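Residue numbers (our numbering), protein chains in the order written: chain B, 1 to 578; chain C, 579 to 1378.
Built from N, CA and C at the ideal position, the CB exists for glycine as well.
Computed from a predicted model, the values in this text were never measured in an experiment.
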Amino acid sequence: MKQTTDRLAWCLTFFVLLSVTAEEWSWQRTLVPRALLVEGLWSDTTRLREAVREAGLPYDTAYKSRSAYWRPQDRLVGMPAEVEPYRKYAVIVLNNIDAETLTAERIAIIDRFVRAGGGLVIFGGHWVYDRGGYGGTALAEMLPVTMPPQRRIPAHRQGLPLHAAAEANWPLDYPFQAEPRAFYVQELAPKTESIVQLQAGELPAVVSGSYGKGRVVAMALTPHGEAGEGALAFWEWESWPRLFGQIIEWAAGGRPSGREMEQSQDAGDAILDDLLALELEPDALTPELLNTAMRQVNAQSASLLLRLALATDTRAIARLSLLLPHLLPFAEPGWGDQLEIASGRFNADLEERRAALILLGASRSSGSFATLSAALDDEPVRTAAAEGLGHLGDARAIPMLRNLYARAGEAALSDTFVGEIDPECYAREAAHTLLAAALGLYRLGEEKGVPRLLEAHQQAHLYHRIFRNAAKRRVLDKDTQGLAIKRQIIAQGQALESSLAHLYTAALPIPPSQIEALTARCLAPLSEEDLFLLEHLLQASAGDTRFSAEEWKPLLNSSDGIIRRIGVALVQQAELRP
Amino acid sequence: MALRHQTKLLICCLLGAASTLLALELKNGPDGTAMVLDERASGSSAVAIAITEEAGQVEWPIGELAPGLYEAVTHLHLHLPAAFDHGRLRLTITLANDVGEESLELLHTQFNSDPARYTPLHLPLEVLRAGRQRLRLSWSIAPLPSYMKERPAMPIEAPTTADAGLGLGTNRKRADAADELADMIMADEAVGLDTITYPAILLDTIVIETLTTTLGITRVWPAKLHVYPGEANPVDVTVRNYSEEAHQVVVALALHCGLDEVIDGGRQSLEIAAGENAEVHFEWPGGEREFGYEARATLLRDEEPLHQASEYFSVGSPIWKTAIQGNGFLTWYGREDKFAPHVEANRRKYINVEEAFSWQPSSWDDLTPEGDDWWAGQNNYHNSRSGLENWLDLSHRHGIKMITYLFATASGPSGAETARRLPDTITHQELGLVSEFHDVEDLRLYALTHETPSLWRFQYGVWHSFSFNRGYLRTIELAMTEVIASAREFGWDGMRFDSPPSWGAMSAAQVHEEFADLGVAELMERLVPEYVEQREGNWDASAISVRNIRYARHRMREELGKDFAVSNNLGRDVEGSPFYQDCASDGGQIQHEGIRHSRSWKAYEAICLQQSELARSHGGYHCVCSLDEVDEAGRAYAAIYTFAGGSHPYGEWGYQWDRPLPGPYSRFMTRYGELCWSLDLTPASPAEAGFSVSAPAPLSWESYVRRRTLPDGRKQVVLHLITPPPTDEIVASEPVRLHPWQSGIRVTGAHTMAPAVWLLSAEPHPRAQRLEAEPDENGMTVTISQHHLWSILVWHEAND
């Protein structure tokens, strides 16, 4: 009875949410289709990440965490609860995730996402379909199968061999003769017009269908059980990641490309007029006006924005640190004097000093090398100085930054554990210096700039995960020491997150001096962290007219499916360019 | 308050039968003390030591003692207002010289709260080299445990006249010698007691009795604290020659058990050089008589006894019969050197069974860790192989039995993998599997954060857990296979089901299908004959649960021997059920964990009495977990109600891991536990047993009458006399003082023939003495002259 009531409540919530958010779905333009992987227990056994790499789908991840101390007890870490972030994805994979943990709000978003053409793949397990409380939710509507009530997933101790179904319309050219087997298969009944693509024994194993403009795949397979002697579990089958990747890629295939944002030169001119007027009437500067201006910066407006950022009347709103990424492409030697002053020690606003130093480097003004190299010894602004030196492009900075990188690496080492990093020391200071020095060297075109940047990024990415994970620890309210430690862990994790976010912006655009090294690096095996950074840099370079198709072509030889797919897109784009 | 004055101190030296009394007068007493006139003290005066600071100490030089063995008896009185938080006062008496020191740690529960009395406190002392002794009395005010409401330790008010016992008169009969000595004391600058308007400790006399200055037994050491019946337990006796010449002596060993049974342990001669130790080794081959033993060594010269000393141990199977159980040593990686002192402390506390709690990688299905170190799946303790092996080895050398914890969850990464491989063994709920915690990212980072020392502090440390479905026999089999393999690897003496192997109804067809799968159909005909014929419908919860415990016990005993002990932590919902009966039968232990949350002594007492009787009636042994929240007085009552009720203790009595069991109760129970735990004791009403008790103050006894027939045909009645606690609250909301000790308790049995009666008590130290019964109009009566909190009267009925 309770279950029925709950499901009625679900339906009600869902339809309310649907009506509230019924505006037309718009897609964000992406170079290649992108996946959101929502990982529940034993996702790794299913080799989900390998599968999307095989399929060449860049991905973001979210995962399930359950604690008896939380309310609600189950949560999805990293899965957005608002619509906007979903516009960039082509497919969502739910791997052992139940409806309650997803929440009605997210299910409503997924419903809109799929109706608009997004793909949805659901992998089997104890937390999906009927056992995942999908009944009575929009997920049940979306699925190409119905879900008989199932208290237990039936066991097939000998395993059911996987094979292409007779009605399959996908190309399934796989060596099924190896007899990959599934040991616990959920019983799903295909809906009319859905197609059984794969079977496990006689049971439907992979069923495809459509929902609105989108494609949905229900997989009855689970990663449970163990293969007896001489038997092969499907997840251990060599071809499994490729097959799973194909399934996900198919689901992603219904997603239309996004609209390009229109840019109006007229609007740009109007903004310029508004900015010029501010010199006479500084009080008229509003955050809204600034936001509009930042979206349409050109050489002329950049100089005006810089003046606003340095003027006493307007700098409270027009923060240089906020404007920095927008001003960087337009920095010029003429800005040097103003930036020298803004980056000086008299400026008590550290954030602004740092931004001024970076911009000073980018301005390539005559005195900036001396200022920046001196600032390398000034601890509070050291990282900004390193980054500024990268922008300056003066090879004299290379040994300085190498030295800085080496010293920061040594400083991060633990006094207690030989050869290991001291996590607090690293997160507090060393990580930021390492990232800044690596970034500087990368910008300067130093020969090891790319691997060093990847190394620094990989380390920071890993420690960021570790700090975020540790921040979940439960501390009782009366444990003041424990609370203080937890607060410190959270703060240090946030500092790492902030440095990483900065890196993703600051490493762009790719310096021409590094394009060859960068594409060459893509040919070697890539860790997940390397892949994350590289695919970000490559995708963000779509439309970068400085690079030719020839320069992107090495990517086509990458062993990584994602890099290859991005490479194809970049080459095509470059070749189509007039 | 820097009074400088004369303090009094008596040193009474008794050499053999003759005694020499010495009195020392110490000028210039330490700061913070005052000489007071107190008619209750031996010489009508005492020294008041101010307890007005959080901590402090005073010290007196007390003269020179020759090498030898002594016993110091200090008479103290707590001159504290009623509102003083007695439970927080920690006192230590120390006798020190240049070579070493002996200390006696005291809580207020060891004091007679009778305002008219001083409390004698005994402290043994060995002096190895002649030298000046110092007496030190130190105190501190302990912080309140976090679960107690904040309150001041010290009230603003001074002790009232009633608190101080003035006007109540002192009937104390002092020894003549002490009277004489008291007259010798110079009451220099003594002030009236009514001027002590602050919390104080009153120090009357310190009497140091010389036990020997020639030859003495310094240690009697049974190799093991517990042995199985028939298992040898050699006894080493160390003799010290304090004199300056060599001596030829004889050491005689006797093993005392029951109340009056004595086994000759042999005699050995030895010659000891001046100032040396010598050790003699007695091979005691063991015996079948179970329960407590006293290994008593007597030093003889020319057949004249010079000195005597003893130590206790117990004999029994299963280990639950005599269990005084500890648990502990969580997370030991990097602290392996702490095992030796930990085990030694267990021995000192007479803990004869210890559980390794949640030490394993997965609580149910991985008790055979690989590698040199690992992390426990439950609670993330970091443990090492060398530590575990050392713990068991050290414990076993002392005869302390080690049991493993078993909880029905697959835990940690290893458990998560089991849940993936064998999902049918995991409990299913409407959504998903039963998992208290799991976290995909934490599992992914687990290897890194657990194998990299610098990241140990950055583990999420969550209890990844999946609850096992014990409806399937293969789930039981999974655990038994691990327990057996683990016992073979590490040497466990038993195990405890922290979650019982019980379950609900299962389909009979499925049950039989599983029997066939596992090849145990024939075995089940023997193990569960009353259920095995049922092939249709459901096996109900009792059938499944009984099958499980019988199968588990069968597997363990078949492969690990009959002494391998099994404990079950059972909820009260199964009390008396067939499953409960099976768990208790054949010497199983029934553990009651819920009692740890008790708030009321009445409830605690009732549980101990009712449940231990129930367990015993089914052939098992009951044990209770230590209280989570308890104050100092409560620690004593937890012990008294547990033991008198017939139950056994588990844990540390509501204390932190490093705190001792309360007082001497565990030592007493090692020797005399039979009178509480023997399964042949059955409860009787006072009327049935024909007993009545009259006491000058409240005394609980009616629920504590048990009787049995001894192997020689004599009828034995055991009565427990318990002074009730001052409040029913286990954690008193206001400071409390215990009721005063009682004297003049009369116990009458409706008999005409003189019985043999023993009075036993753990307080202040284990003792057993014969009482003479006198005839009166109601039968035969004995009078108990001193009763602290708990006394046991053992009455061997004479044949009328």
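query	result
Distance between beta carbons of I195/B and A55/B, contact taken as under 8 Å	Rounded, the Cβ-Cβ distance is 19 Å, inconsistent with contact.
7 Å Cβ shell around P175/B - same chain, five flanking residues per side excluded	S239
R215/B in three-state terms, based on DSSP	strand
Coil, strand or helix - H1380/C by DSSP	Here chain C comprises residues numbered 579 to 1378, so residue 1380/C is not present and cannot be evaluated.
Bounding residues of the beta strand (DSSP E) (the contiguous stretch that carries E866/C)	Run containing E866/C: none; DSSP gives neither H nor E here.
Rounded Cβ spacing between L803/C and I978/C (contact assumed at less than 8 Å)	6 Å
C-beta contact flag for A460/B and L496/B at 7 Å	yes
Under 7 Å between C-beta atoms of G567/B and L576/B	no
Cα-Cα separation between V872/C and R468/B, rounded to whole angstroms	The question names Val, yet the displayed sequence has Glu at residue 872/C. Between E872/C and R468/B, the C-alpha separation is close to 59 Å.
Limits of the beta strand (DSSP E) - the one that L1277/C falls within	Unbroken run through L1277/C: none, as it is neither H nor E.
Inter-residue spacing [alpha-carbon to alpha-carbon] between G1172/C and C1203/C	8 Å
Pairwise C-alpha distance: I92/B and R579/B	The displayed coordinates of chain B run from 1 to 578. Any statement about residue 579/B would go beyond what the structure contains.
Distance between beta carbons of Y1038/C and D1017/C, contact taken as under 8 Å	6 Å
Segment contact, 8 Å Cβ cut-off, at least three pairs: the stretch 693-710 of chain C with the stretch 1275-1295 of chain C	no
S1145/C beta carbon less than 7 Å from that of R1074/C	yes
CB of P1156/C within 7 Å of CB of N1126/C, strictly	no
Alpha-carbon to alpha-carbon, E100/B and S989/C	24 Å
Minimum Cβ-Cβ distance from S1045/C to chain B less than 7 Å	no
Cross-chain neighbours of V185/B in chain C, by beta carbon under 8 Å	Here the premise fails: no neighbours, minimum Cβ distance about 12 Å.
Through-space distance from L1026/C to S414/B, alpha-carbon basis	16 Å
DSSP bridge partner residues for P883/C (one or two, in chain order)	L878/C
Residues, ordered as in the chain, of the stretch 64-75 of chain B that lie near chain C by beta-carbon distance below 8 Å	K64, S65, R66, S67, A68
Same chain only: Cβ atoms within 6 Å of W1368/C, ignoring 5 sequence neighbours per side	I1218, I1300
Closer than 9 Å at the beta carbon, the chain C residues around K478/B	S724
Same chain, Cβ closer than 7 Å to R53/B, five either side skipped, listed in chain order	D560, G561, I562
Interface flag, D1290/C vs chain B, CB-CB below 7 Å	no
S1013/C: contacting residues in chain B (beta-carbon distance under 7 Å)	R66
Residue-chain proximity (H1028/C, chain B), Cβ-Cβ < 7 Å	no
Below-7 Å beta-carbon distance, I593/B vs any chain C residue	Absent from the model: residue 593/B. The displayed extent of chain B is 1 to 578, so no value can be given.
Cα-Cα separation, N957/C to W1041/C	6 Å
Coil, strand or helix - N291/B by DSSP	helix
Selection of the stretch 137-155 of chain B by Cβ proximity to chain C, strictly under 9 Å	R151, R152, I153, A155
Residues within the stretch 484-505 of chain B neighbouring chain C, beta-carbon criterion of under 9 Å	I485, I489
Within chain B, partners of H1016/C - CB distance below 8 Å	L41, K64, S65, R66
Start and end residues, beta strand (DSSP E) containing I110/B	Element bounds for I110/B: not the beta strand (DSSP E) but the alpha helix (DSSP H), 104-115.
Interface positions of the stretch 275-306 of chain B facing chain C (Cβ-Cβ less than 7 Å), listed along the chain	none
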